[in-house]
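Residue numbers (full-length UniProt numbering): 1 to 251.
Just so you know, even glycine gets a beta-carbon here, dropped at the ideal spot from N, CA and C.
Values in this document were obtained by computation on a predicted structure and should not be read as measured data.
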């Protein structure tokens with residue numbers, strides 16, 4: 001599937017990693033529908049840089065609003081459904097509220113936990129619910145969700161970051177559970193999760209002082225790695241959690 005031109009839908013396309021994914025995938029000759037909640041100048045620029053190849057659309061898929069989703073539905077109606085979908089949206093800290101990942105039990109609040117679940121878990125569910133309505137049984141589409149190593153229960157040796165860890169662990173469970181349903185419904189499809197590594201974006205800025213320079217990756221490098229894994233996915237990989245290097249991570 002990787003050799004020919006693909007239609008790729010990227011959610012959270014205006015984020016640091018989402019935008020890098022758009023640019024890299026466009027550079028490989030594929031068509032990209034770049035979606036953000038609000039109109040983004042960077043995505044509008046992509047349309048000028050890649051006329052007819054990059055399509056920018058603003059809507060919030062988690063609202064399940066038929067009218068609100070009309071712009072993306074119109075694009076798919078005109079160009080066809082996406083072969084590959086990437087959810088690159090996410091939340092680690094509250095840019096406007098000042099909320100930060102919790103270091104101890106006493107710091108957990110219902111509101112920040114709910115924000116993490118909404119952004120890091122439910123958005124991927126909402127995307128899947130939309131995709132579930134698009135395809136016929138034998139179509140070989142792929143859906144990749146950006147997760148994180150800290151969502152691995154097996155790998156948790158340091159604790160902390162309660163809300164973020166729980167929301168990513170919930171995402172991983174969703175990916176595994178949906179893969180079982182889709183194996184029956186769409187036997188040639190693949191849904192998977194990936195750990196992109198710590199990437200130099202606004203998401204990680206407050207925590208970069210604790211990261212060695214060789215473990216902090218540019219968005220461009222992370223995008224290339226994610227694309228490489230996405231390109232290699234097959235139906236038998238559905239329900240797996242991948243490291244950016246292509247190895248499988250224990251749940």
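Reduced DSSP secondary structure (H/G/I, E/B, other) of residue i
i, result
"residue 24", "helix"
"residue 100", "coil"
"residue 123", "helix"
"residue 217", "strand"
"residue 161", "coil"
"residue 14", "coil"
"residue 85", "strand"
Those residues which DSSP pairs with residue i across a bridge
i, result
"residue 193", "145 and 241"
"residue 36", "58"
"residue 248", "242"
"residue 199", "217"
"residue 9", "33 and 85"
Distance between beta carbons of residue j and residue i, contact taken as under 8 Å
i, j, result
"residue 93", "residue 140", "Between residue 140 and residue 93 the Cβ distance is about 37 Å, and since that is not below 8 Å, they are no contact."
"residue 238", "residue 179", "4 Å"
Cβ neighbours of residue i in the same chain (closer than 6 Å, five flanking residues each side left out)
i, result
"residue 240", "192 and 248"
"residue 27", "none"
Cβ-heavy atom distance, residue i to the ligand FMN, below 7 Å
i, result
"residue 236", "For the structure depicted, the ligand FMN is absent and the ligand set is empty, with no information on it obtainable."
Close beta carbons around residue i, own chain, < 7 Å, minus the five adjacent residues each side
i, result
"residue 4", "none"
"residue 167", "116, 117, 120 and 121"
"residue 59", "35, 68, 69, 71 and 72"
"residue 49", "none"
Close-in-space but distant-in-sequence residues of the same chain around residue i (CB under 8 Å, 5 per side omitted)
i, result
"residue 153", "169 and 251"
"residue 222", "17, 20, 196, 197, 199 and 244"
Item to check | Given 8 Å, three or more beta-carbon pairs between the region 105 to 112 and the region 53 to 60 | outcome: Touching, no, given that fewer than three Cβ pairs across the two stretches are closer than 8 Å.
Next on the checklist: Contact between the region 85 to 92 and the region 41 to 48 is defined here as three or more beta-carbon pairs at a separation below 8 Å; is this criterion met?
Outcome noted: Result no; under three Cβ-Cβ pairs closer than 8 Å.
Item to check | Contact the region 145 to 154 vs the region 170 to 178: 3+ CB pairs below 8 Å | outcome: The region 145 to 154 is in contact with the region 170 to 178.
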